[in-house]
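Residue numbers (this note's numbering), protein chains in the order written: chain A, 77 to 709; chain B, 77 to 709.
Note that the Cβ used here is the ideal one computed from N, Cα and C, for glycine as well.
Quick caveat, the model's predicted, so the values are computed rather than measured.
Structure record follows, encoded as structure tokens.
2 protein chains.
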Amino acid sequence: MSQTLDHPEVDLREQAGPPAPGASERAAAWLAAFEAALARADADAVAGLFATDSYWRDLIAFTWNITTAEGRGQVAERVRATAERTGARSFATSEPATDAAAPDGRPTVEAWITFETEVGRGKGLLRLVEEDGEDVAWTLLTTLHELKGFEEHQDGRRPRGAEHGAQRDRTSWSERREASLEGWGQDRQPHVLVIGGGQGGIALGARLRQLEVPALVVDAHERPGDQWRGRYKSLCLHDPVWYDHLPYLPFPRNWPVFAPKDKIGDWLEMYVRVMEVDYWGSTRVTSAARDEETGTWEVHLERRHPETGETEDVVLRPTELVLATGMSGKPNVPTFPGAESFRGDQHHSSAHPGPDAYRGKKAVVVGANNSAHDIAAALWEHGAEVTVVQRSSTHIVRSDSLMEVGLGALYSEEALANGVTTEKADLVFASLPYKIMHEFQIPLYQEIERRDRAFYDRLEAAGFWLDFGDDGSGLFMKYLSRGSGYYIDVGASELIADGSVTVVHEPVRELVEDAVVLDDGTSDGKRLPADLVVYATGYGSMNGWAADLISPEVADRVGRVWGLGSDTTKDPGPWEGEQRNMWKPTQQEGLWFHGGNLHQSRHYSLYLSLQLKARYEGLDTPVHELAPVHHTR
Amino acid sequence: MSQTLDHPEVDLREQAGPPAPGASERAAAWLAAFEAALARADADAVAGLFATDSYWRDLIAFTWNITTAEGRGQVAERVRATAERTGARSFATSEPATDAAAPDGRPTVEAWITFETEVGRGKGLLRLVEEDGEDVAWTLLTTLHELKGFEEHQDGRRPRGAEHGAQRDRTSWSERREASLEGWGQDRQPHVLVIGGGQGGIALGARLRQLEVPALVVDAHERPGDQWRGRYKSLCLHDPVWYDHLPYLPFPRNWPVFAPKDKIGDWLEMYVRVMEVDYWGSTRVTSAARDEETGTWEVHLERRHPETGETEDVVLRPTELVLATGMSGKPNVPTFPGAESFRGDQHHSSAHPGPDAYRGKKAVVVGANNSAHDIAAALWEHGAEVTVVQRSSTHIVRSDSLMEVGLGALYSEEALANGVTTEKADLVFASLPYKIMHEFQIPLYQEIERRDRAFYDRLEAAGFWLDFGDDGSGLFMKYLSRGSGYYIDVGASELIADGSVTVVHEPVRELVEDAVVLDDGTSDGKRLPADLVVYATGYGSMNGWAADLISPEVADRVGRVWGLGSDTTKDPGPWEGEQRNMWKPTQQEGLWFHGGNLHQSRHYSLYLSLQLKARYEGLDTPVHELAPVHHTR
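What follows is the structure in structure tokens.
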């Protein structure tokens, strides 16, 4: 398909006016045929309703998985395996369908849909194209958002709260909360133990609470939000507020666009309290082992009690274990010759304490991606002399450009004014097939490159190595495929462009007492005098945590976490079509991974929590298309 | 006017369908005539647009006051005094007008309106009736919701947050918050000092922060929310959630209908943090004196610093002083003969520590209103033997009946589904003239009495003295006129009805060592053995705090706070038409009162904050119809 400037998201916005006649009728006709063919479990008929190049992404509803069927063959397979037991029916549009266009300009009909299954209620998004005179599905997103009989207690079902009527020796709400928090491992076990209490674990914890799944979230930090508070002072969110809301309790209308770290920390701490998430801070997990007989985990933890200050060993036996330790696995720390002789401070970026001790000092930052830039800028602001050792090209996008061009059609005040709620934006995003997402992204990044041409020129003139992803598809694809290799510029790039921060490219040969020595082809090498070396050198796959906490065997069984198999840098094939192991069943029964950015934490916590709830309630959850493992780490 | 079952609020709901033809045209015609007459400052013409019995309530827009003009004469006066300088224009309906009805069945046209003035933007609600073949205003509400040039930073104007771009030696958000909190009285003075950090002070503090008025909220309790935490364990909100939202950050969709006290406490604590309200806990105000020369207050405080634990004397010099100490003034504690000889515990309800120490003990509660019932029920639940001494009749309404019949049309899931947002509900409430509010309320309470007939019969059969207000207008009028004399039943009434808690009526004659002695006409009197006596005997007027903190002269100058002058029990005339001294200018320059229930704290904090902002910015705020003082306490 040729690239154009058309953005389906933009078209959606332009179509906010009265619906084109015919779109709704076309969508309704297709849905009727789809429903009828499904009811007959007629795989070929269903497949015939899809385009040659087509994608059906299902979040739980049919497959109890997160998985994309690409093309008619995979569509037919899915129908054969899942249609009968799913009992999908009552397909309808939930509002008038609209005319839109694909990136290549082909006209599409876009329709928001609702439906139900045997066990739940669904919603989704359908995009039709014409092929050989017929309306066929180009993309279909089906999602389950609620389980019948287990609807969340909101609005008309909100809990009553007060127990009116006098009762002898009643316990109060706060006593019950306290008992809940302290009772884990004593009189009862959490059905779900979430390891990691950052925004991912917290969002999941809130969803599980609303679904009444007994769950506990644990984190090594003392208070919720400390993961943010402990970062260096200039840190703010790089994603704008509309992208960042947590479930149930969106940031208010006067919340800043880019919230400072401590403000986010406060919000997370508050959120845990008012959402009644059971949360143990100051808690380290030391080991977890699966007991196949009982189908539970035995998890050993050390918990420092918030009131007594005593550290106690606790054993918990959850049925489900969720690792929400952050997208980053374990730090990658290169071992350079002579590192032990270096007399200054050296540490991985994750252990960097901030710039306060380094005024007037010389700092060498190895690496040139997000952490490297943040740290370099903070050090410079604090009066250090900073050199960045760039080992490979970096994709740079300015925060404002990302916000306006990259996200604006879906996550902005304008989007809200156009009726694109957070929920709709999340579903639109989810409906874009990973396989062709680059087609949607490339035009955006071409626009960004045009907009910021002068900026990029200055960066390159300063010697910085730039890229826009292997195929020009920019930030989000890099994020999805490898979670690294970019920097959302909030000021550090200017320091590089104007030479305030030096960038060099020679590889590191060794460290000596007071310097980093680069290999510039000479025998002496290039000396960078240094008081501080920061290894902003990235992280391994999240299943590194599984290897440590559980076992290398389980880590290998589950395999690499994150990435699509795009066969781009750091994301080797084969193509997997979905984020490896994220928010869905893994090859290890009872082990799950949660996380991602604030948008993903928010949106995918819904589907993960529903999968956990279904299992908790003993519903049948046959997993279709469980992803095989191609890479162990 | 005869009473009927028609409820204008109910009619509004029934009119949620397509608008009747003509209503919008009629409203538009009236508004055009109104605007033209105002533009000419033609008092008589404006008055002619009002019905014989009519009410024009203005919240700031014309009068820089909160005041109701009743009848054509007062309307004309207002126009003469305010029309020219107000410059009100651009009157329009903001949505189609609807047909409705007054309580007496007269047809009305209801229209939501917007307008602007020289300095601000307004909204309101108009009710037209036909009189002599002409459309005239029966009720008109005009409110100012925003000042031009000082719009709040929300949505498209939300603060950016991050300061992108590197800056040497930047201060972080948390450092700035800290500096703000600690700087009061040192490098700068708060323009507004709010004494009292319950929900009223907190809501006002949040509004002032959003309007960028330098303000500090102080409270004697340690943490925000402690005013709730310290109450006895069974306490929950008696008003349902839809009524209770704070500004900017409504309770989420899964918040309970009646929130337990500790949950509210948590919410308030976090609200202060995320709304960035500068709040000093553990702070007592010892004195405040007005310096007429500088137009500021000199306020002496004792503050126990949260980190050091040291108590320090602080002097602050705010321009504006707001007493938000709660609707209750100082406790009324009766002094009974022999009280000093009583060997058990005795205290006012406000000092009651809760039931924990009284299992198996005998408790006498003097008083039979809200506090008395809460305390009696809590004591009973904890195994005490309780007798209530009822000295006058009490209005009882069951919480569910109040919620459904009393509030449901405006504050409920159903109301929301009908498009009655919190803002609209507040404005509808505000548009009902106090003078005739009883006409709207009486039918509701007749319905409640019918609904709960069996319940009321059982209560009376147990000897309890019931009322429905002097004129049958029930809870809200009692609340507005005297803030007492009722109990929203959440369980205590059942204990009285079934005799678990005894109610007696003889007046207290004296206390002896181990009993309360009632005057039953005999020489011995009626002995109530007691280990505990709780004086649930109410509070004085809020200006009692002013007398203590400032001076009796200032308290007298300002006069009684609260009440309408309805000439009903505890609310002597003459008729004042508005809550005395609440949320509006008082006879003491620079002194203001804020408070009320959660609905009033939320809604009226808007108008109080705008008045304070206007003064802070040096806008001209000529106060029309400043209320004279008829009662000093």
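Three-state class that DSSP yields for residue i in the structure shown
| i | result |
| --- | --- |
| B/D565 | strand |
| A/T411 | coil |
| B/V504 | helix |
| B/T387 | strand |
| A/H471 | strand |
| A/D320 | helix |
| B/Y683 | helix |
| A/M658 | strand |
| A/V155 | helix |
| A/L311 | coil |
| B/V705 | coil |
| A/H700 | coil |
| A/E378 | strand |
Any non-hydrogen atom of the ligand GTP closer than 7 Å to residue i Cβ
| i | result |
| --- | --- |
| B/G575 | The ligand GTP is absent from the structure shown, which contains no ligand whatsoever. |
Distance, residue j Cα to residue i Cα
| i | j | result |
| --- | --- | --- |
| A/Y319 | A/D502 | 9 Å |
| B/R148 | B/K309 | 52 Å |
| B/E298 | B/E383 | 12 Å |
| B/K689 | B/L674 | 22 Å |
| B/W304 | B/S447 | 14 Å |
| A/G272 | A/E258 | 18 Å |
| B/D129 | B/E146 | 7 Å |
| B/F126 | B/T662 | 29 Å |
| B/S475 | A/G301 | 38 Å |
| A/A157 | A/A365 | 32 Å |
| B/H679 | B/M658 | 12 Å |
| A/L287 | A/R264 | 18 Å |
| B/V293 | A/W541 | 52 Å |
| A/E186 | A/R203 | 5 Å |
| A/D624 | A/T362 | 9 Å |
| B/T578 | B/V464 | 6 Å |
| A/P316 | B/E207 | 56 Å |
| B/Y615 | B/L455 | 22 Å |
| B/D547 | A/S677 | 57 Å |
| B/V566 | B/T174 | 37 Å |
| A/V634 | A/F138 | 23 Å |
Delimiting residues of the beta strand (DSSP E) encompassing residue i
| i | result |
| --- | --- |
| A/S363 | 359–367 |
| A/D55 | Since the first residue shown for chain A is 77 and the last is 709, residue 55 of chain A is missing from the structure and cannot be characterised. |
| B/Y615 | It is not in any beta strand (DSSP E) - B/Y615 carries neither H nor E in the DSSP assignment. |
| A/S130 | 126–135 |
| A/D604 | The sequence given here has Leu at residue 604 of chain A, not Asp. Segment 602–605, the beta strand (DSSP E) holding A/L604. |
| A/L640 | Per DSSP, A/L640 belongs to no beta strand (DSSP E) and is neither H nor E. |
Alpha helix (DSSP H) segment containing residue i, residue limits
| i | result |
| --- | --- |
| A/P519 | 510–527 |
| A/E489 | 489–493 |
At which residue ranges does the segment 163–226 of chain A contain complete alpha helix (DSSP H) runs of 4 or more residues, listed in the order of the chain? The segment 163–226 of chain A contains no whole alpha helix (DSSP H) run of 4 or more residues.
Mind checking the segment 491–502 of chain B against chain A and listing, in chain order, the residues whose C-beta falls within less than 9 Å of any C-beta there? Listed in chain order, the positions of the segment 491–502 of chain B with a beta carbon within less than 9 Å of a beta carbon of chain A are L492, A493.
Please list the segments of the beta strand (DSSP E) lying wholly inside the segment 418–446 of chain A, counting only runs of 3 or more residues, in order along the chain. Within the segment 418–446 of chain A, the complete beta strand (DSSP E) runs of at least 3 residues are 421–424, 438–442.
Where in the segment 327–354 of chain A do unbroken runs of the alpha helix (DSSP H), each at least 4 residues long, occur, reported from the N-terminal end onward? Entirely contained in the segment 327–354 of chain A, the alpha helix (DSSP H) runs reaching 4 residues are, in chain order, 337–350.
Quick one, which residues of the segment 466–482 of chain A are near chain B if we go by CB-CB under 8 Å, in chain order? Answer in chain order: S475, D476.
Which residues, in order along the segment 676–696 of chain A, keep a beta-carbon less than 8 Å from a beta-carbon of chain B? Within the segment 676–696 of chain A, no residue has a Cβ that lies closer than 8 Å to any Cβ of chain B.
According to a CB-to-CB cut-off of less than 9 Å, which residues of the segment 230–241 of chain B neighbour chain A? Per Cβ criterion, the list reads Q230, D231, G232, R233, R234, P235, R236, G237, A238, E239, H240, G241.
Report the residue ranges of all beta strand (DSSP E) runs contained in full by the segment 266–294 of chain A; include only those spanning at least 3 residues, in chain order. The qualifying runs are 268–271, 291–294.
Using a Cβ-Cβ cutoff of 7 Å, what residues of the segment 272–286 of chain A are near chain B? List them in chain order. Within the segment 272–286 of chain A, the residues whose Cβ lies closer than 7 Å to some Cβ of chain B are Q286, listed in chain order.
Which of the residues in the segment 585–618 of chain B, read from start to end, lie with their CB under 7 Å from any CB of chain A? Hits within the stretch: zero.
Please identify, using Cβ separations under 7 Å, the residues of the segment 328–353 of chain A that lie next to chain B, in order along the chain. So the close ones are P328, R329, N330, W331, P332, V333, F334, A335, P336, D338, K339, D342, W343, M346, R349, V350.
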